[in-house]
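Take the sequence shown: its position 73, counting from 1, is numbered 53 in this note's numbering, and each next residue is one higher.
By construction, the Cβ of each residue, glycine as well, lies at the ideal position given by its N, Cα and C atoms.
This report refers to the structure that appears directly beneath it.
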Amino acid sequence: MKAYYTLNLVVGLLAIILSLVLGEAGYVAIAVAAFGIFLRKRKLDEREYQLFYKAGYYTLVGIILSMVAVYMLRDYKINNIKIDEVWFQLFIGSFYFFNGLTGLMMFGKTEE
-19 MKAYYTLNLV VGLLAIILSL VLGEAGYVAI AVAAFGIFLR KRKLDEREYQ
31 LFYKAGYYTL VGIILSMVAV YMLRDYKINN IKIDEVWFQL FIGSFYFFNG
81 LTGLMMFGKT EE
């Protein structure tokens, strides 16, 4: 599961950075997340399910914080790209980033 959450973390960072640098072309980074299907365990035990859902709850908190940040910074421009133009990509990127971060925090203590 560490590889799955590491991929999510990397995809999230790439999506956020490429969205701010390239604009709509930053969607390409999200396509890399499709490889996560091959990295995830097929059969989870009861403890792993609990950690999986706990990581999901913490991801939700991160998404809400990123929504507030994007709303407050919506008029700023980075590389002549307004935050308003790439808000959806930033939300998707922040979902992958926070999901990877919280998943690594939850599963990092249990796996060797």
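- Distance check between isoleucine 17 and each of Ala49, Val48, Asn(-12) places Asn(-12) closest, using alpha-carbon atoms only.
- Inclusion of glycine 80 and tyrosine -15 in the CB contact set at 7 Å is warranted, their separation being smaller than that value.
- Annotated as proximal: glycine 83 and alanine 35, with beta-carbon spacing under 7 Å.
- Here DSSP, grouped into helix, strand and coil, assigns lysine 23 to coil.
- Nearest to leucine 2 by C-alpha distance, out of Ile63, Gly42, Tyr76, Phe87, is Ile63.
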